[in-house]
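Each remark here refers to the structure printed beneath this line.
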Amino acid sequence: QKKREPYIIDQLSGKICNEDSADGHNEMYEKVTHLDTSKDWYICGFWIEEKYLYGRLEGIRKQLRFPGIEDERNINLSDEIRSCNSVSIHVRRGDYLSATYENMFVSLGRDYYEKAVGYIKDRVDSPKFFIFSDDADFVRNEFTWLDDKCIVTGNEGDESFRDS
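Every position in the sequence shown, counted from 1, becomes a number in my numbering once 23 is added.
Below, the structure is given as structure tokens:
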């Protein structure tokens, strides 16, 4: 069977590509909520408004089921996370630092993370911090002040969803 190229919605540019729409003036909400489900879609953007999900949560949950963990490294990590008072820290840098997004997002500084860790330590007995990032080298250098931590690495490319 021939692989179909996906139709694309790009929320940032407001463009919808490969669609047979004559007017092209539909608002993004209308585009997203009236997709032709017989086609494959790739949807880019920051979908944080409930209106995009309302009435569709059950179907989304069915589509977003991740495959089970089968490799030894991730099984061991999962066991370790479950065996302690684990706390996840997510440090996103990569695309946030690119020219495209440099004025759209704030890269959080050390003071933010120190305050957050302090808040957790005041409320959780013996927390262990698991740091997920797209910039492990940065995390190794910037989080030297944090003792009980594990910097999670190794899930990249098609496997990067495992760090979510």
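For each residue, glycine too, the CB sits at the ideal point set by N, CA and C.
Just so we're clear, the structure is a prediction, and the values are computed from it rather than from any experiment.
For residue i, three-class secondary structure by DSSP
i    : result
Y65  : strand
F155 : strand
N178 : coil
G47  : Low local confidence applies: a pLDDT of 44 at G47 is under 50, so the model's placement there is unreliable, and no value is given.
V147 : coil
S111 : strand
Among the options, the one whose alpha carbon lies nearest that of residue i
i    : options                 : result
H113 : D94, L100, N97 and A139 : A139
S183 : T60, P90, R163 and L58  : P90
Y77  : R88, Y65 and T56        : T56
Beta-carbon proximity of residue i to residue j, cut-off 9 Å
i    : j    : result
R116 : S156 : yes
F161 : S109 : no
D170 : S149 : no
S106 : I92  : no
N178 : N126 : no
C173 : I143 : no
R133 : E165 : yes
Range covered by the alpha helix (DSSP H) that runs through residue i
i    : result
S101 : E95 to R105
G132 : It is not in any alpha helix (DSSP H) - G132 carries neither H nor E in the DSSP assignment.
L80  : L80 to Q86
Min CB distance residue i to chain B below 9 Å
i   : result
L76 : Absence of chain B from the displayed structure is noted, only one protein chain being present.
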